[in-house]
Structure formats: C-alpha cells, structure tokens
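Numbering (my numbering), first residue to last: -15 to 293.
Next comes the structure, spelled out in structure tokens:
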C-alpha cells in the first residue's frame, strides 16, 4: 500500500509575525514529500513513525467531533497493521514534515472532507486551517495549521491575517534570472516548541511588542506585497530590513555560528538571510540578487535554490 504524495512547504514570509496578524506567504516545495505506506519488512525509521502514529490516533480520538470526525477504527487498524509515514521531508528543518503527515491522515480518514476540487471559499479555507491547527498541535504544542493546509492543497497561500487567508498565484519563475530564494542547511535540527516559548516570553515585554508591530510586521507585510507584485527592487530593500530586525531581535532563533554570516550578508549585500519556520536550526532562508555571488560567498554550506527571479 502507498497513498498519494504530500509535499513540503516553505513559509517565505510571516514566521512569528502571523501569530500577531502580520501577512504571510507560504508556497509548496515539491523537492520533499511523504506518503502513508505499509511494508512487509519495515525499517527502524518506519517502526518509529508507526509508533508515533499510534500515539497520534489516541490524540485524534479526543478531537472535537463538532470540528472533524475520522474513520478512526480503520485508521487504528491500519496503524496496527504497521502503517507509517514514508517521508523524505527532513524533520525539524522548518519545511513542514508534520504538516505533510497531518494532510495525508486528513485526506485518507476524515469524514466529509473539504477537497481541493471544490470551490475553495474563504470559509472553507479557514475551516480547514482550524481543523489542521487542532490536528498538528499534537506535534508542536501550538500550530497555526498553515503547514498542513499548504501541503494538502499544494498551492501558494496568502495569509492576510489570522482569519483571512486565500489561495494565491505567485509570479512565474525566471529560470535564467540571477536573483534567487535559497535554502541554507544549518546542519542542526531545530525544535519548534522551545523557540515559540522564547517568542511568547519576549512578547511580555512592551519594547519587543512595539518592535514587532513597527518593524518586523511592517517589513514582512511589505515583502509579501513586493513578492506578489513582482517588484524585485523593493523586495530586496525590504528583505534587507527584515534580515536586520531578525538579527537584532531574534538572536536566540539563529544558531550561534550563523550570526556572523547573517551580518556579513547585510554588510556586503551579497545575500540576506531570514528564518525559515521557527528557527533554532534546520534551514535558513536566503534571498540574493546574484545567486553566483551568493554561492561563492557561502561555498562552505549546502545551498538549494527554491525560486528564481
């Protein structure tokens, strides 16, 4: 048995900000994917995934039936028979490994599910987001539900605010363009929950709250607008500002050994780095107007281009 594929995602803009109603833009990233599977001779990884699924089933039994119900008996017996999530999506890397799993479970076992093929009104998107948020909270403690939503629909999603989201189109890639968005591998696994805790702790301070509103959210919103309009010049100006704000105010979320590299990008304008997901490790997202220069400058690191301008 092998189910349909669900892809990873990249939140281009909006990490942390969307908790406080900034804009956000999330795109599917087809380089990584996962599917529900059963094997005759499961690997150690498959067994581990199956054990985690078994805990997830217990969690789903108690989920609010007003919100969503599952064919829980079939799910439980499939898990008992050794079903696991076979995934190439790296965990703790900010590209949505648990999101793809949640999407796969909803797709296969939810009753009265909302599908990609129907007219996706704002109400339906929000309903899906709420369902996914509840489901994914099992993995993260608190989830926005956006990762599974992106993985499930496999289309770019524009977040205008917490209760205003829409499917969107993004400008077509310029395959021969020199500008690029890339992923930089930090080589460290990031944990979402502790990072979110630090953020929530910081939110208790007046100064941090006003920085978030006046700088972080302002530049995030501008970046989203620039990206969707295809205004590359303005996008890089705003991304540089955003990169500075993150370096100054989100230091704990940036692995120590990347502080200098981050600063160097801002000073040389060769690239600008930002968080990919909650930070603390995993991937770091990079923006550059000249990918060859950036590659040269970051030659000691693993770099994957995800979008060309």
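Glycine included, C-beta positions come from ideal geometry on N, C-alpha and C.
- Beta-bridge partners assigned by DSSP to residue 54: 94.
- Three or more beta-carbon pairs drawn from the region 223 to 239 and the region 169 to 183 are found closer than 8 Å, and the two stretches are therefore classed as touching.
- For residue -9, the enclosing beta strand (DSSP E) begins and ends at -10 to -3.
- Judged by DSSP secondary structure, residue 21 falls within the beta strand (DSSP E) whose first and last residues are 8 to 21.
- Using a C-beta cut-off of 8 Å, the region -4 to 3 makes no contact with the region 36 to 49, since fewer than three inter-stretch Cβ pairs fall below that distance.
- Residues 254 of the same chain have their beta carbon placed closer than 7 Å to that of residue 277, with the five preceding and five following residues left out of the count.
- For residue -7, the closest of 74, 39, 207 by C-alpha to C-alpha distance is 74.
- Under DSSP, residue 152 forms no beta bridge with any residue.
- For residue 111 and residue 12, the gap between their C-alpha atoms comes out near 20 Å.
- Taken in chain order, the complete alpha helix (DSSP H) segments of 4 or more residues contained in the region 67 to 146 are 81 to 93, 106 to 124, 130 to 137.
- For residue 106, the closest alpha carbon among the candidates 72, 81, 146, 86 is that of 146.
- Taking residue 51 as reference, the option from 261, 66, 98, 284 with the minimal CA-CA separation is 98.
- Per the DSSP secondary-structure output, residue 271 pairs in a beta bridge with 165, 256.
- Within the region 159 to 225, the complete alpha helix (DSSP H) runs of at least 4 residues fall at 176 to 186, 190 to 195, 202 to 213.
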